Structures are given as structure tokens and as C-alpha cells.
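Peer 1: The opening residue of the sequence shown carries number 23 in our numbering; numbering runs sequentially from there.
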Amino acid sequence: MNKDPSANIIIPSLPEEIKGLSEIALNLWWTWNPRGENLFRILNPYLWKESENNPIAVLKNLPKEYLESLTKDENFMKEYKYVYALFKDYMNDTNIYAKEKPLPIAYFCAEFGLHHTIPIYSGGLGILAGDILKESSDMNIPIVGIGFMYPHGYVKQVIGSDGWQHGTKEELQKDLAPIERVLDKNGNHFIIQVPFIDPPVYAAIWKVNVGKVSLYLLDTDIEQNDPWDREISYRLYTPDLQQRLRQQIVLGIGGYKVLKELGIEYSILHLNEGHPAFAIFERIRNFVEDENLTLDEAIEKVKRSSIFTTHTPLQAATDVYSFDMMSKYFQDYWQHLGMTKEQFLSFGINPDDPSGFNMTVFALRMCNYRNAVSKKHCETTKKIWKHVFEKENEKDVPVDYVTNGVHIPTWLDEELYDIYEEILGDRWLILQDNPDIWEKILDIDDKKLWEIKYKNKVRMINFIREKARKKWANEEADPSVIIAEGVMLDPDILTIGFARRMTSYKRPDLILYDLERLEKIINNESKPVQIIFAGKAHPADIPGKKIIQKIFKIAQDPKFKGRIVFIEDYGKLVARYLVKGVDLWLNTPKPPLEACGTSGMKASMNGVLHLSSNDGWWVEGYNGKNGWVFGQEPADDSKDAEELYNLLENEVIPLYYDRNSDGIPYKWIRKMKEAMISVSPRFSARRMMKDYLEKFYIPITKEITKKD
């Protein structure tokens, strides 16, 4: 509704000759196009670094006189005009890179990980949702996103000198984020009233431009709401169950109303996890009222046009609300629909635990199309939910899978991007999911690839040291804390990375199982090793916080010589450095509790080798030549740690330090290339979105078209 950046207060007026900078800055297209990112970097490299790669902050802090002078800088203007032309050409491209085009899709998710300046995500679920929107834009898939604006984000992690995680507010700086107010017909901020909540709850609507895709965010932190209601959208995954239920009502029911009020028509509803599933009820209500369908007809229409993606491998990890709590908020709703209380609540009753309304069970029942996020996860999903479908044989459970993928242009190293243009050809991005083109990776000069790898490691270490320097300067932190946060890292040492949500089932401390043996591995005089840990524990996850504390205290121990470190406040920015900079990506979940995982995909695409237990995507990805696998099912920490140490001592470390006279580890590089060749096409977001098209979006489109 609002396409004029000047209608927002975040970017100052720019000279006419470079006015397109505002348009680019307010569209996340630049985040996955190297020349777009570089255009803002060259405006002022120092401001770019200090703002943590935020083009809006850079533009706001450049003097008017300097901006005027840019219009007379011939070299800058050439680059600006070229990048702006690329942007406009991209925005005007309507070719769909798939066999068929589906009907419009509404994609609901509680979090979207798009850029660190918009902290409305906690981890993998959000990063996946962000990559789906980006790839949909690249492929011209007609999709619109619905999510939440979280003014206080998820949690900004601060580690105390005792190693304990403290959570502070992760403020979303609206005047420095690439977001726009959606305006109503009178030019005011567009606000909706969420149906069927009493007293009334209101939400202001914001928009994020993700290339050609729009993401609409609901924000209850506005003056029209009472304080209790303003807090509905304060932060992700509030531990208060009643507030969490209200949050999900606003997301699902309010999100549906946003699309309706904006006149955005869609035919397919895609729910990413159970958090927004109440959109199903609102869709049923609108079919009854707007199309005069009977209740049964409306339910059937919703079922055959909806897809539900589940990410959990455990029943206990789903949202369940008491019947009393549901009755408090939905009594008027079910009466309006002509349902009884029992009929309404029955949609969410889990046969294995009928103690409340289960959001995942509700979504499974109300969507005819359902998918897990990896082949192994599909097997687990069928096993744990078979009774919902009244099946004894797991093979008969109607759940398919689409293995997650990652958006290559977002996560690929810039220098590799340029090399791919040269080696794979200028159409490599169009053909990125075709395994046949990737064999040419073998043509990349080994020394050049190693040079890129080393540069990325140095950049990562410099970034980590700078984070530690700022902490020292701003907080006068204890020296032992600064050492534990990476100031003594060495780019010439084999570097292992472990970065993900810190929780028990992921076993972040498995490699610390035998500290005496680990000390010998790390402090080997001729073949030393260093380990970088990063990750947040959920604010309510005390065991997860204890694991972080354990890691941090070990990192402070002088006997490990500063070679075990913990990087504070893991997020998208930190991840971009780690997945390019470390040498080995470690993943240690207890099978089958890893639904998929995507961080290892990002690492492998950048030539970082993967060492993982046999779970999630690695079951499909490991081919014997592109990394290492260890462990057993069911997991046994003692045996798994033993196997992990043996792999490191006998295979990984010797291979890394096996150098020719020129100091290049050619055998290691050959394994790097194999990882890049095997992982990039199979685990790209392009392949993932084609799977969604072929398995779900196109079949739903054909069914809707045929019946309607």
C-alpha cells in the first residue's frame, strides 16, 4: 500500500540523482546480492562496519554535503547506476523458475529470520521462513508472508563472568530497520481490530520488502491497547501460557484479517509450525459468512487448500492449552460458527494425551497436506502422530516430507560467488539445483580456494576479537571473560565450530565429555585444535543455561590456552562469519531429535566440512566423501564421545595438517570440493521450493481449480 520511502521517517531525503538508494535500502534484495551490499559499504566503510552492515544507519549518518558530493563522483555514480539497474531488472522479472505457477499462497509463521536488523527470529525455524520468502521472490512464486513485529525481539544474550546466560531486551530499532508502515486510505498507520477478542485488541501493520515478496507484521505495542495487550507482541515465545495463546490468536486470526483488509487474495494457506494455526478457524468463518457455505463445506474447503509444515520430533514440544483457557477466548467464536464446545475443542485433542487443545494436532487434522522437514523426520513424525490419524501402521500415516534447504545467495561467500560466475557460468544461479553443473567446482584452483578459506577465517577471528574489544571497552569485563570470548584464536589452527540453540538434546557439551583427552587433542604441539561455541538457550531452559555455563567455565580455564571459546549473542550476523570461517562444523544431536537442521548445509556450501551424528538432513546428505558421521541410535553419550574423539584424532586432524611443501592441504581441499558439489544443489532453497511446488502447491492448485 505504501511504496514511497519518503512516507517513512527512517531515511533522510536524498539527492534526486541517487534517490534509488532509499528504495534499495528498504528492500532486503541487497542482502543476497553482493554488489548491492558493496554499494552501501563503499559509501563509508567505517560507518558500514560500526553499524553492523546496516544501510539505513549509514544513510542516516552521512552529512547532506557528502551525499551531494557523491552525485559528482564518477566512479560511485557508475556503480550506483549499474546496481540500481540490476535491482529494477530483478523487480520487473516475472519468469517463474518452475514447471507451473501455483495459485497465491499465504505463508504464516511466528518468526522470520531475514536480517539481523530485524530481530524477529530465535533460530532455525525463522531462518528457514526467511529463506523461503527470498527464494520465492527469486522464483516469482506468488507468496505473501504473515508474522509478528516483536519490539523486544527474542533475547539478547549476555554472559556474566560466572558463565551464566542473562537475557536483556533485544530492541528492534524501528527507525533503523528496513521496515515500512502500511498506511490506510487517509495516510495514517493502518491498524486492525482482532476479531472476537474482548476487550478489543488492536494491531498496527508493518511491511518488509523481501525482493518481490511482501511480509506483513502485526504489532500490538501501540497506544490503542491496554498495557497487558501491548505486551502480546513484545517478544518471541513468551513463557506465560495465557499470553502465548493470545499471541497466537492475534497471529492467526488477526493475520487473516490483515490480508482480507488489504485486499490480498490467496487460495493456499501454508502454516509453518502450529503457532499460527488459528488462521484455519478464521478462514472457515469467512467461507461461511462470505461464500454462504455450510460449516461442513467450509471445513472441507479449508482442509483441501491448506498445508501444514511440522518441525517438532517430540509430542512434548508442542503448544497445548487447557480447555478452560480455550473456552475463555473462543466461546463466542464457536457459538458464532454454530459449533458446540465439544465439537470445537475436538479438533485439537491428542488421543495420546487428551488433557488440552494441541496446536499441532489441530493443524494436522485441519490440513489435508502435511509435511515433515527431512526424510528421517518424516519417519519420526509418522511414528509419534499415527494415533491422530487412527493408524496402527506408520506407513499409512498421510504425512510427506520436504527436506529443508538454504538460500544460496544469502549464505554463500562473496568471493566464491564471483568464482562461480567464472567457473559455472553466468546462469549458475538459475541452474543451482542441477547437480550436473556443480562438477565444475573441481576446476577451481586449489590454492585459490584455500586462500579464500584462510581469508574467511581471518575475517571471522577479527570479527570475534572486535566483539570482545567492544565488550571490554563498554563494560570493562573481567579479562578471563574476554579470553573465553575468543581474543586468543589463531587462524593457523584447525578450527571446529558448534553454533546452534543451546539445549540438552543437541548435546553441545558432548565434545567436552572427557576433558583430559580433549586437552591432549587441543594442545597437541604439532597439530593443535581450537573450538568455537555459540548459541542461546531459551530464557526458560535452565538445563540449556547450565550447559552454556559449563562451556564458558572450561573456556576460562588456562590449561586450554584460550583455544575453547564461547561467542556471545549468536544470531544471523555471527552465523554468516562462522559458516564461512571455521574448518569443521560439528553437530551432535541425539537421534532422532534433530528434525532437519540447516546450519551444516550453509557451512558445507562454503567448503566447511561437516561432522555430525546420523540425524536430520545429514542422513540424506552424507556420501562418505563430503564429511564424517558418527554415533548410534539410541544415543549413548559415552560411546558417541569415544567415536567422536577417535574420528578427530585418526582422520580429521591428520587430514587437515597433511600439507605439501607449499603448505596446502590438498586432500582436505578435495573433501571441501566434494562437500560443495554434493550439498549445494540438493540442499538449496531452490530445490526445496520446487519440492513444495510439485508435492503441494501445484496439486492444491489443480484440486481447487477443478472443484471450484
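Glycine is no exception: its CB is placed at the ideal position from the N, C-alpha and C atoms. Fair warning: this is a prediction, and the values are worked out from it, not measured in the lab.
(1) Evaluate W250 with the Cβ neighbour count: other Cβ atoms within 10 Å of its Cβ, from every protein chain shown; 16 or more gives buried, anything less gives exposed.
(2) Please report the Cβ distance between M627 and M698, rounded to the nearest whole angstrom; I am assuming they are in contact, meaning their Cβ atoms lie under 8 Å.
(3) Measure the C-alpha to C-alpha separation of S344 and D375 and round it to an integer number of angstroms.
(4) Near P164, what residues of its chain come up, given a Cβ to Cβ distance below 6 Å and the 5 sequence neighbours on each side ignored?
(5) On a Cα-Cα basis, can you pick out the residue from G360, S255, K417 and K558 that is closest to F303?
(6) Just to confirm the assignment, what range does the alpha helix (DSSP H) spanning R257 have?
(7) Using the rule of at least 16 other Cβ atoms within 10 Å of the residue's Cβ for burial, across every protein chain shown, is P37 buried or exposed?
(8) Classify G135 as helix, strand or coil using the three-state DSSP reduction.
(9) Give me, in chain order, the residues of the same chain whose beta-carbon lies closer than 8 Å to that of D354; leave out the 5 immediate sequence neighbours on both sides.
(10) Please report the residue range of the alpha helix (DSSP H) in which R392 lies.
(11) Can you tell me the Cα-Cα spacing of G135 and R523, whole angstroms?
(12) Can I576 and Q552 be called in contact, C-beta distance under 7 Å?
(13) Is it right to say P27 is buried, meaning 16 or more other beta carbons lie within 10 angstroms of its own, or is it exposed?
(14) Over what stretch of residues does the beta strand (DSSP E) that includes Q179 continue unbroken?
(15) Considering only C-alpha positions, which residue in the set S368, L69, E295 and F300 is nearest to A339?
(16) Just how far apart, CA to CA, sit I486 and K191?
(17) In chain order, what residues of the same chain have a beta carbon less than 7 Å from the beta carbon of K398, not counting five sequence neighbours either side?
(18) Starting from S236 and walking both ways along the alpha helix (DSSP H), at which residues does that stretch end?
(19) How many Å lie between Q264 and I214 at the Cα?
(20) Once the 5 residues before and after K693 are set aside, which same chain residues still bring their CB inside 8 Å of it?
(21) Can you check whether the CB of T403 is closer than 7 Å to the CB of V421?
(22) What number of angstroms, rounded off, separates the C-alpha of Y288 from the C-alpha of Y129?
(23) My output table needs one value for L48: the three-state DSSP class, helix, strand or coil.
(24) Would you grab the beta carbon distance between D111 and T432 for me? Rounded to a whole angstrom, and I think it's under 8 Å.
(25) Would you kindly work out how many angstroms separate the C-alpha atoms of N247 and L715, rounded to a whole number?
(26) If I measure Cβ to Cβ from K583 and keep anything under 8 Å in the same chain, skipping five residues before and after, which residues do I get?
(27) Relative to the C-alpha of T93, which candidate in K712, N231, L43 and G593 has its C-alpha closest?
(28) If you reduce the DSSP assignment to three classes, tell me which class K594 lands in.
(29) What are the boundary residues of the alpha helix (DSSP H) that G643 is part of?
(30) Kindly list the residues whose CB is nearer than 8 Å to the CB of G58, restricted to its own chain and excluding five residues on each side of it in sequence; keep chain order.
(31) Check the DSSP bridge columns for V428 and list the partner residues they point to.
(32) Report yes if the C-beta distance between A506 and Q578 is below 7 Å; otherwise report no.
(33) Let me make sure I understand the geometry here. Which of G146, L471 and V216 has the alpha-carbon closest to that of W690?
(34) Within the segment 38-87, note down every full alpha helix (DSSP H) run reaching 4 residues or more, in order along the chain.
(35) Return helix, strand or coil for H297, following the three-state DSSP convention.
(36) From A29 to G566, what does the alpha carbon distance come to, in whole angstroms?
Peer 2: Based on what the coordinates show:
(1) Within the sequence shown, residue 250 is the residue found at index 228, counting from 1. By the 10 Å Cβ count, W250 comes out exposed.
(2) Against the sequence shown, residue 627 aligns to sequence position 605. Against the sequence shown, residue 698 aligns to sequence position 676. So it is a contact: roughly 6 Å between Cβ atoms.
(3) Residue numbering aside, residue 344 sits at position 322 when the sequence shown is read from its first letter. Residue numbering aside, residue 375 sits at position 353 when the sequence shown is read from its first letter. Taking the straight line from one Cα to the other gives about 12 Å.
(4) Position 142 of the sequence shown holds residue 164. Contacts found: P126.
(5) Numbered from 1 along the sequence shown, position 281 holds the residue referred to as residue 303. Among G360, S255, K417 and K558, the Cα nearest to that of F303 belongs to G360.
(6) As a working mapping, residue 257 is identified with position 235 in the sequence shown. Run containing R257: none; DSSP gives neither H nor E here.
(7) Locating residue 37 in the sequence shown gives position 15, counting from the first residue. It counts as exposed.
(8) Reading the sequence shown from its first residue, position 113 is the one you call residue 135. Reduced to three states, the DSSP call for G135 is coil.
(9) Residue mapping note: residue 354 aligns to position 332 of the sequence shown, counting from 1. Cβ neighbours of D354 beyond the five flanking positions: F218 and D220.
(10) Indexing the sequence shown from 1 puts residue 392 at position 370. Where R392 is concerned, there is no enclosing alpha helix (DSSP H), although the beta strand (DSSP E) it sits in stretches over Y391 to A394.
(11) Position 113 of the sequence shown, counted from the first residue, corresponds to residue 135. Position 501 of the sequence shown, counted from the first residue, corresponds to residue 523. Roughly 14 Å separates the two Cα atoms.
(12) Translated into the one-based positions of the sequence shown, residue 576 becomes position 554. Translated into the one-based positions of the sequence shown, residue 552 becomes position 530. Contact flag unset, no.
(13) Stepping through the sequence shown from its first residue, residue 27 is reached at position 5. Interpretation of P27 is limited by its pLDDT of 37, a score under 50 that renders its predicted location unreliable; no figure is taken from the coordinates.
(14) As a first step, residue 179 must be located in the sequence shown, where it is residue number 157. Here the beta strand (DSSP E) through Q179 covers K178 to I181.
(15) For this step, residue 339 is matched to residue 317 along the sequence shown. Ranking the options by Cα distance to A339, first place goes to E295.
(16) Working through the sequence shown from its first residue, we reach residue 486 at position 464. Working through the sequence shown from its first residue, we reach residue 191 at position 169. Roughly 22 Å separates the two Cα atoms.
(17) The residue given as residue 398 occupies position 376 in the sequence shown. Closer than 7 Å at the Cβ level, and outside the excluded window around K398, lie P614, D637, G638 and V641.
(18) As a working note, residue 236 is residue 214 in the sequence shown. Unbroken run through S236 is the beta strand (DSSP E), V235 to D241; no alpha helix (DSSP H).
(19) The sequence position of residue 264 within the sequence shown is 242, counting from 1. The sequence position of residue 214 within the sequence shown is 192, counting from 1. Looking at the two C-alpha atoms, the distance is approximately 22 Å.
(20) Looking up residue 693 in the sequence shown gives position 671. Excluding residues within five positions, the ones whose Cβ falls inside 8 Å are L631, K647, N648, G649 and L677.
(21) Along the sequence shown, read from residue 1 onward, the residue named residue 421 stands at position 399. Along the sequence shown, read from residue 1 onward, the residue named residue 403 stands at position 381. Yes, they are a contact pair.
(22) As a working mapping, residue 288 is identified with position 266 in the sequence shown. As a working mapping, residue 129 is identified with position 107 in the sequence shown. The alpha-carbon atoms of Y288 and Y129 are separated by roughly 10 Å.
(23) Here the question's residue 48 lines up with position 26 in the sequence shown. Correct three-state label for L48: coil.
(24) Position 89 of the sequence shown, counted from the start, is the residue given in the question as residue 111. Position 410 of the sequence shown, counted from the start, is the residue given in the question as residue 432. Between T432 and D111 the Cβ distance is about 19 Å, and since that is not below 8 Å, they are no contact.
(25) On the sequence shown, residue 247 is found 225 positions in, with the first residue counted as 1. On the sequence shown, residue 715 is found 693 positions in, with the first residue counted as 1. Spanning the two alpha carbons is a distance of roughly 40 Å.
(26) To locate residue 583, count along the sequence shown from 1; it is residue 561. If we look at K583 and ignore the five residues flanking it on each side, its Cβ neighbours are M510, I544 and N545.
(27) Walking along the sequence shown from the start, residue 93 turns up at place 71. The shortest Cα separation from T93 among K712, N231, L43 and G593 belongs to L43.
(28) Residue numbering aside, residue 594 sits at position 572 when the sequence shown is read from its first letter. In the structure shown, K594 sits in a helix (DSSP, three-state: H, G or I).
(29) The residue labelled residue 643 in the question sits at position 621 within the sequence shown. From DSSP, the alpha helix (DSSP H) with G643 extends over W640 to G643.
(30) Numbered from its first residue, the sequence shown carries residue 58 at position 36. Closer than 8 Å at the Cβ level, and outside the excluded window around G58, lie I46, W51, W52, V105, L108 and F109.
(31) Walking along the sequence shown from the start, residue 428 turns up at place 406. Bridge partners of V428: S706.
(32) The residue you call residue 506 lines up with position 484 of the sequence shown. The residue you call residue 578 lines up with position 556 of the sequence shown. Yes, they are a contact pair.
(33) The residue labelled residue 690 in the question sits at position 668 within the sequence shown. Looking at the Cα atoms, L471 is the closest of the given residues.
(34) 42-47, 56-63, 67-72 and 77-83
(35) Along the sequence shown, one-based indexing puts residue 297 at 275. Residue state, collapsed to three classes: coil.
(36) Translated into the one-based positions of the sequence shown, residue 29 becomes position 7. Translated into the one-based positions of the sequence shown, residue 566 becomes position 544. Residue placement at A29 cannot be trusted, given a pLDDT of 45 that sits under 50; what the coordinates show is reported in the next sentence. Those two C-alpha atoms are separated by around 44 Å.
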